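These notes concern the structure reproduced below.
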Amino acid sequence: MADFNKLQPTISAAQHVFNIVELAEAIFLQLPPQNILVNIQRVNRKFHQVVAGSRSLQQALFFQPITTDALHFVKSPTDNRGGSWRGHHDHRAHKVYQHPFLLQLFLPDYTTTCCRPFHQQQKNLPPLKNLNQQQPVRQAAIDRPEASWRRQLLTQPPVSSISLRGCGGEIEMKAADDDVGVTLGQAASTLEGSSAADWTIMDWSLWKNFCQVWKQSSTMDALRVLRD
Numbered sequence: 042m043a044d045f046n047k048l049q050p051t052i053s054a055a056q057h058v059f060n061i062v063e064l065a066e067a068i069f070l071q072l073p074p075q076n077i078l079v080n081i082q083r084v085n086r087k088f089h090q091v092v093a094g095s096r097s098l099q100q101a102l103f104f105q106p107i108t109t110d111a112l113h114f115v116k117s118p119t120d121n122r123g124g125s126w127r128g129h130h131d132h133r134a135h136k137v138y139q140h141p142f143l144l145q146l147f148l149p150d151y152t153t154t155c156c157r158p159f160h161q162q163q164k165n166l167p168p169l170k171n172l173n174q175q176q177p178v179r180q181a182a183i184d185r186p187e188a189s190w191r192r193q194l195l196t197q198p199p200v201s202s203i204s205l206r207g208c209g210g211e212i213e214m215k216a217a218d219d220d221v222g223v224t225l226g227q228a229a230s231t232l233e234g235s236s237a238a239d240w241t242i243m244d245w246s247l248w249k250n251f252c253q254v255w256k257q258s259s260t261m262d263a264l265r266v267l268r269d
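Below, the structure is given as structure tokens:
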């Protein structure tokens with residue numbers, strides 16, 4: 042049997058490392074973003090404080106913007122994709138990555154579609170209200186006004202607005218005055234009671250998948266992708 046006294050220095054050393062914010066942050070940056078969001082920040086108050094206080098971690102988790110300049114879609118008849126997402130100041134075309142949990146949040150029964158944008162979904166998916174009734178406990182946590190997911194950005198870099206086209210017409214979803222870009226909370230409020238299959242998000246085909254990076258790559262590598 043191992044001598045407990047001999048184990049004490051090892052335990053204390055680990056605690057000492059995680060008590061140093063910079064070291065804890067450096068370690069967390071080697072883990073996948075999904076692991077940080079779902080597991081690490083829930084371990085204890087100290088870990089939560091490290092995650093909440095790290096600009097890099099918050100950017101990888103879609104809580105803080107990669108850029109301070111929200112993107113807008115600029116149409117171009119000479120562009121074979123109809124246009125591009127550009128900043129208001131730098132005017133260059135940007136890659137846009139959708140939040141990896143977007144469809145899992147709205148359509149929990151359709152987890153296999155989490156990496157596919159709305160315009161690629163099957164038809165006749167059930168309305169959000171029906172799913173809410175089927176999963177009352179989960180939905181109660183999601184519906185809390187203070188739920189942190191509501192503050193997460195819909196994309197990285199953030200977009201200032203998106204347009205949704207459906208059988209009932211067209212809706213423009215703009216970022217709130219105090220938000221740098223459109224958030225998941227705004228999207229949830231707008232789509233509540235609807236099926237995702239009822240809508241086509243205009244120019245969504247230009248957005249890129251972030252699921253595999255989110256789940257499998259280190260947070261540091263994920264940040265490199267987002268900042269590219």
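Residues 42 to 269 in our numbering are what the sequence shown lists, from first letter to last. For each residue, glycine too, the CB sits at the ideal point set by N, CA and C. Please read all numbers here as calculations on a predicted model, not as lab measurements.
How long is the line joining the alpha carbons of residue i and residue j, rounded to whole angstroms?
i: S97; j: D110; result: 17 Å
i: W245; j: N60; result: 42 Å
i: P73; j: N80; result: 11 Å
i: S125; j: M214; result: 18 Å
i: S202; j: K249; result: 17 Å
i: G226; j: Q56; result: 36 Å
Could you name the residues of the same chain whose beta carbon sits closer than 8 Å to that of residue i, not counting the 5 residues immediately before and after it, in chain order?
i: H89; result: Q82, R83
Does the Cβ of residue i have 16 or more other Cβ atoms within 10 Å, making it buried, or fewer, making it exposed?
i: I68; result: exposed
i: P106; result: buried
i: S258; result: buried
i: S95; result: buried
i: A228; result: buried
i: V223; result: buried
i: T313; result: The displayed coordinates of the chain run from 42 to 269. Any statement about residue 313 would go beyond what the structure contains.
i: Q71; result: exposed
According to DSSP, which residues form a beta bridge with residue i?
i: L194; result: T224
i: S125; result: V115
i: I107; result: Looking at the DSSP assignment, I107 forms no beta bridge with any residue, so it has no partner.
Less than 6 Å between C-beta atoms, sequence neighbours within five positions excluded: which residues of the same chain meet that for residue i?
i: A65; result: F59, V91
i: I255; result: The displayed chain sequence assigns Trp, not Ile, to residue 255. Cβ neighbours of W255 beyond the five flanking positions: P74, Q75, P141.
i: I212; result: L205
i: H130; result: D110
Using C-beta distances below 7 Å, list every residue in its chain close to residue i, excluding the 5 sequence neighbours before and after it, in chain order.
i: K136; result: K249, D269
Every unbroken alpha helix (DSSP H) inside the stretch 58–82 [4 residues or more]: Every alpha helix (DSSP H) stretch that sits fully inside the stretch 58–82 and reaches 4 residues is listed by chain position as 62–69, 74–79.
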